[in-house]
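Each remark here refers to the structure printed beneath this line.
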Amino acid sequence: MVSTELLEILRCPHCVREKDGLLTLHKESWLICQDCGRKYPIVDDIPVMLIEEGDKWVNTAQDALPVPPPAK
(Lines of atoms letter the chains of each structure in order from A and count residues from 1; the text may use other names and numbers.)
(Lines give C-alpha, C1' and ligand atoms only; values in the text may rest on other atoms or scores of the structure.)
Protein backbone atom coordinates (compact mmCIF):
# COMPACT_ATOMS: atom_id res chain seq x y z
CA MET A 1 0.00 0.00 0.00
CA VAL A 2 1.22 3.50 -0.83
CA SER A 3 1.27 5.78 2.22
CA THR A 4 -0.38 9.21 2.12
CA GLU A 5 3.02 10.77 2.85
CA LEU A 6 4.51 9.13 -0.24
CA LEU A 7 1.50 10.10 -2.34
CA GLU A 8 2.05 13.75 -1.41
CA ILE A 9 5.58 13.80 -2.83
CA LEU A 10 5.26 11.46 -5.82
CA ARG A 11 4.73 13.15 -9.19
CA CYS A 12 4.09 11.83 -12.66
CA PRO A 13 7.49 11.53 -14.36
CA HIS A 14 5.93 12.74 -17.63
CA CYS A 15 4.58 15.98 -16.08
CA VAL A 16 7.60 16.54 -13.77
CA ARG A 17 6.72 20.05 -12.55
CA GLU A 18 6.41 20.69 -8.83
CA LYS A 19 2.66 21.41 -8.71
CA ASP A 20 1.67 19.42 -11.78
CA GLY A 21 1.57 15.68 -12.02
CA LEU A 22 -0.24 15.00 -8.77
CA LEU A 23 -1.19 11.36 -8.49
CA THR A 24 -4.30 9.77 -7.07
CA LEU A 25 -4.52 6.23 -5.77
CA HIS A 26 -7.01 3.99 -7.59
CA LYS A 27 -8.14 0.68 -6.08
CA GLU A 28 -4.88 0.45 -4.08
CA SER A 29 -3.25 -0.81 -7.30
CA TRP A 30 -2.75 2.20 -9.58
CA LEU A 31 -1.43 5.75 -9.43
CA ILE A 32 -3.21 8.05 -11.88
CA CYS A 33 -1.90 11.46 -12.94
CA GLN A 34 -4.56 14.15 -12.57
CA ASP A 35 -2.99 16.21 -15.36
CA CYS A 36 -2.08 13.85 -18.23
CA GLY A 37 -4.09 10.73 -17.32
CA ARG A 38 -1.14 8.35 -17.35
CA LYS A 39 -1.59 5.36 -15.09
CA TYR A 40 1.23 3.70 -13.18
CA PRO A 41 0.78 0.22 -11.68
CA ILE A 42 1.75 -0.70 -8.14
CA VAL A 43 3.41 -4.14 -8.25
CA ASP A 44 4.37 -5.88 -4.99
CA ASP A 45 3.72 -2.58 -3.12
CA ILE A 46 6.19 -0.71 -5.38
CA PRO A 47 4.95 2.01 -7.76
CA VAL A 48 6.33 1.42 -11.28
CA MET A 49 6.98 5.06 -12.18
CA LEU A 50 8.41 4.65 -15.68
CA ILE A 51 7.09 6.93 -18.43
CA GLU A 52 6.89 3.92 -20.75
CA GLU A 53 4.65 2.15 -18.22
CA GLY A 54 2.35 5.17 -17.95
CA ASP A 55 2.20 5.39 -21.76
CA LYS A 56 0.95 1.78 -21.96
CA TRP A 57 -2.13 2.58 -19.88
CA VAL A 58 -2.90 6.22 -20.77
CA ASN A 59 -5.86 5.30 -23.02
CA THR A 60 -7.29 2.66 -20.68
CA ALA A 61 -10.36 3.76 -18.72
CA GLN A 62 -9.95 3.69 -14.94
CA ASP A 63 -12.66 1.07 -14.55
CA ALA A 64 -10.93 -1.15 -17.14
CA LEU A 65 -7.57 -1.23 -15.33
CA PRO A 66 -6.68 -4.76 -14.21
CA VAL A 67 -6.55 -5.35 -10.47
CA PRO A 68 -4.00 -6.47 -9.55
CA PRO A 69 -1.84 -4.97 -12.30
CA PRO A 70 0.04 -7.45 -14.47
CA ALA A 71 3.54 -8.28 -13.26
CA LYS A 72 6.36 -7.77 -15.71
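Just so you know, we're using this note's numbering here: the sequence shown kicks off at 16 and counts up by one. Ideal Cβ placement from N, Cα and C applies to all residues, glycine included.
Which word fits K61, buried or exposed, when buried means at least 16 other C-beta atoms lie within 10 angstroms of its C-beta? As a first step, residue 61 is located in the sequence shown; it is residue number 46 there, counting from the start. For the sequence presented, residue 61 should be read as Ile rather than Lys. I61 comes out exposed.
Whose C-alpha, out of A86, P83, Q77 and E68, is nearest the C-alpha of T39? Here residue 39 refers to the residue found at position 24 when the sequence shown is read from its first residue. For T39, the nearest C-alpha among the options comes from Q77.
Assuming R53 and L37 make a contact with CB atoms under 8 Å, what is their CB distance in whole Å? Start at 1 with the first residue of the sequence shown, and residue 53 comes out as number 38. Start at 1 with the first residue of the sequence shown, and residue 37 comes out as number 22. For a cut-off of 8 Å, the C-beta gap from R53 to L37 is around 12 Å, too long to register as a contact.
Same chain only: Cβ atoms within 6 Å of S44, ignoring 5 sequence neighbours per side: Counting from one through the sequence shown, the residue named residue 44 turns up at place 29. Cβ within range, chain order: I57, V82, P83 and P84.
How far does the alpha helix (DSSP H) with T19 in it extend, from its first residue to its last? Along the sequence shown, read from residue 1 onward, the residue named residue 19 stands at position 4. Looking at the DSSP string, the run of the alpha helix (DSSP H) that includes T19 is T19 to I24.
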